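Under the numbering used here, think of the first position of the sequence shown as 76, with each following residue one higher.
Working notes, beginning with the structure itself.
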Amino acid sequence: MGCCRAPSFWLCSTRPITASRSFRSLSIPGCVNASSNSTPPSSASYGRRWSNPVLSKPPTEIVRRWVEPDAYHSIPPQERFTVVSYNVLGDRNALNHGDLYRNVPSVYLNWDYRRRVICEELLQLSPDIICLQEVDKYYDLLNVLEKAGYAGSYKRRTGDYVDGCAMFWKADKCQLLEDESIEFKQFGLRDNVAQLSVFEMPEGSETGSRRVVIGNIHVLYNPHRGDVKLGQIRFLTSRAYILSKKWENAPVVLAGDYNSTPGSAIYKFLSSSELNILLHDRKELSGQRRNRNTVLRLRREKNTLFVLMDRLLNDLKYGWTDEEINVATGTNSHIIMHPLKLNSSYAAVKGSMRTRDSNNEPLATSYHSKFLGTVDYLWYSDGLVPTKVLDTVPINALVKIGSLPSKKLGSDHLPLAAEFAFIQCDREENEVIT
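Laid out in structure tokens, this is it:
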């Protein structure tokens with residue numbers, strides 16, 4: 076087993092800068108330390124030759140900053156916990172979808188190389204709870220993370236798939252009270268899976284023990300099946316709500332790769348808890364098909380009269396079958412609802428214009444030759460507030476790399492990280508009491 080220790084140069088600054096927001100810089104590590112004897116294989120090959128302009132250039136420095144709003148500085152550390160969500164790119168998917176990684180040197184697709192990079196990223200972040208998607212080498216990760224004090228659970232996808240979702244947690248800080256695995260195939264919603272776990276944090280000096288429901292999901296990719304995507308998300312939120320009620324209204328964090336972009340109908344469903352599906356084209360619900368080149372252009376569509384009329388005419392043509400409506404909503408109604416009041420942690424903590432869109436969501440959490448955009452999120456419910464998030468990478472820095480994975484980034488996704496704090500919320504007056 077290769078070493079996954081975090082090199083000392085990874086942390087650039089540990090002291091926040093006093094300003095309207097505070098930043099702490101993290102330099103994403105390379106797979107091996109310059110002083111290490113472990114080197115990547117030089118002859119890795121998967122049956123094709125690579126055009127490799129990356130090796131002739133100095134590596135692009137990747138710096139990610141912790142963004143901290145001033146409002147919650149007074150919340151004590153014992154009321155806080157950190158969560159990471161990370162699609163680690165399954166080894167089989169990396170090998171079977173070479174068209175997505177034409178610009179990636181084969182050495183950076185090698186699993187042993189990527190495993191070390193991914194482990195370094197996770198161990199340096201040192202989150203209390205880790206939610207991973209597209210995991211097909213679970214025990215490779217468990218063997219490393221166990222040595223760092225983590226316990227873990229895994230749920231493989233059904234059918235012929237070999238990847239699934241994995242969750243890890245610090246055994247000395249998080250006590251697992253209950254866990255549940257969801258096989259969506261049982262409900263006619265394809266072979267995807269999800270995990271739900273209830274954790275109890277150690278007692279604080281003033282408030283006593285804290286409980287939280289953590290969800291982890293990898294939503295169906297297929298952009299044409301927005302009905303299935305909605306059905307999977309609807310079921311996850313419903314089960315999370317039931318667990319929350321069972322454990323005395325424990326707040327909820329839902330991590331994962333939702334295969335839906337900011338501004339899409341599915342995003343609006345998550346953030347508003349309701350959606351009239353008949354007002355949307357099933358094939359455009361996730362926003363994936365429209366988003367492939369828009370981030371690179373960085374142009375916002377203007378709401379001209381022509382655009383609005385064009386959308387209205389398209390809405391009138393959308394046709395949903397009874398079966399598709401039932402898949403999406405679970406009923407014969409064209410209104411889909413979920414029981415949680417959710418907010419996106421990144422949207423709630425303002426970041427840099429170089430990394431965020433007009434809705435304050437990351438410009439990109441995933442990058443390969445056919446996609447540059449955001450599909451990963453950390454959603455949270457009442458009872459929690461994000462006290463900081465790890466900002467993503469500026470678009471120009473990603474473009475200079477050419478594609479992910481790279482020498483210093485182990486997947487074609489970026490890990491998302493957020494620190495949450497338990498708070499009391501007066502629902503009637505909509506005030507947060509810390």
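Idealized CB from N, CA, C, for every residue including glycine.
Bear in mind the structure is a predicted one, so any value in this text is a computation, not a measurement.
Looking only at C-alpha atoms, which of LEU417, ALA439, LYS416, ASN418 sits nearest to SER427? ALA439
Assuming PRO298 and LEU459 are in contact, meaning their beta carbons sit under 8 Å apart, how far apart are those beta carbons, in whole angstroms? That pair is no contact at about 31 Å.
Please name the residue, chosen from LEU354, THR404, VAL328, ARG429, that lies closest to LYS416 on a Cα-to-Cα basis. VAL328
Does the distance from the C-beta atom of LEU311 to that of ILE292 stay below 9 Å? yes
ASP247 to GLY362 span [Cα, whole Å]: 41 Å
Collapsed DSSP secondary structure at GLY306 in the structure displayed: helix
Span of the beta strand (DSSP E) holding ALA493? 491 to 497
So for LYS482, helix, strand or coil by DSSP? coil
What does the Cβ neighbour count give for ALA493, buried or exposed, with the cut at 16 atoms within 10 Å? buried
Using the Cβ count rule (16 or more neighbours within 10 Å means buried), how would you classify PRO152? exposed
Contact with chain D by ASN434, beta-carbon distance below 9 Å: Note that chain D does not occur in the displayed structure, where there is just one protein chain.
Can you tell me which of TYR229, LYS245, GLU399, TRP141 puts its alpha carbon nearest to the alpha carbon of LEU220? LYS245
Give the straight-line distance between the Cα atoms of ASP215 and ALA226, rounded to the nearest whole angstrom. 13 Å
Which partner residues does GLN270 have in the DSSP bridge list? SER256, ASN291
Report yes if the C-beta distance between TYR510 and PRO490 is below 9 Å; otherwise report no. Since the first residue of the chain shown is 76 and the last is 509, residue 510 is not available in this structure.
With a threshold of 6 Å on Cβ separation, who are the neighbours of LYS358 within its own chain once the five nearest residues in sequence on each side are excluded? HIS299
Run of the beta strand (DSSP E) containing TYR442, from where it starts to where it stops: 441 to 443
Starting from TRP454, trace the beta strand (DSSP E) both ways and give me its first and last residue. 451 to 455
I'd like to know if the segment 437 to 451 and the segment 176 to 194 are in contact, where contact means that at least 3 CB-CB pairs between them fall below 8 Å. yes
Measure from the alpha carbon of LYS320 to the alpha carbon of each residue in TRP186, GLN270, PRO414, then state which is nearest. PRO414
Taking the alpha-carbon positions, what's the CYS349 to MET412 distance? Before going further, note that residue 349 is Glu rather than Cys in the sequence given. About 4 Å.
Can you look up LEU207 in the DSSP assignment and give me helix, strand or coil? strand
Closest residue to LYS482 among TYR183, ASP166, ASP457, TYR147 (Cα-Cα distance): TYR183
Start and end residues, alpha helix (DSSP H) containing TRP186: 186 to 200
With a 10 Å radius around its C-beta and 16 neighbouring C-beta atoms as the bar for buried, classify GLY224 as buried or exposed. exposed
Which partner residues does ILE411 have in the DSSP bridge list? LEU350
For GLN307, which residues of its own chain have a beta-carbon under 8 Å away from its beta-carbon, when the five flanking residues on both sides are left out? PHE259, LEU264, ARG265, ASN267, ALA269, ILE292, VAL294, LEU295
Considering LYS222, what are the terminal residues of the beta strand (DSSP E) in which it resides? Counting along the chain, LYS222 falls outside any beta strand (DSSP E), though it belongs to the alpha helix (DSSP H) covering 213 to 222.
Go ahead and pull the three-state DSSP assignment for GLU143. strand
Leaving out the 5 sequence neighbours to the left and right, which residues in its chain are closer than 7 Å to ASP166 when beta-carbon positions are compared? TRP186, ASP211, LYS212
Report all residues from its chain with a CB closer than 7 Å to the CB of ALA423; omit the five preceding and five following residues, and keep chain order. PRO461
When the Cα of ARG191 is compared with those of ASP302, SER486, ARG314, which residue comes out closest? SER486
Using three-state DSSP, classify ASP46 as helix, strand or coil. What the structure shows of the chain is the stretch from 76 to 509, and residue 46 is not part of that stretch, so it cannot be assessed.
Where VAL303 and ALA241 are concerned, what is the direct C-alpha to C-alpha distance, given to the nearest angstrom? 22 Å
Just to confirm, is the Cβ distance from PHE274 to ILE204 under 9 Å? yes
Residues in its own chain within less than 7 Å of ARG232 by CB, not counting five upstream and five downstream? ASP238, GLY239, ASP266, ASN267, VAL268
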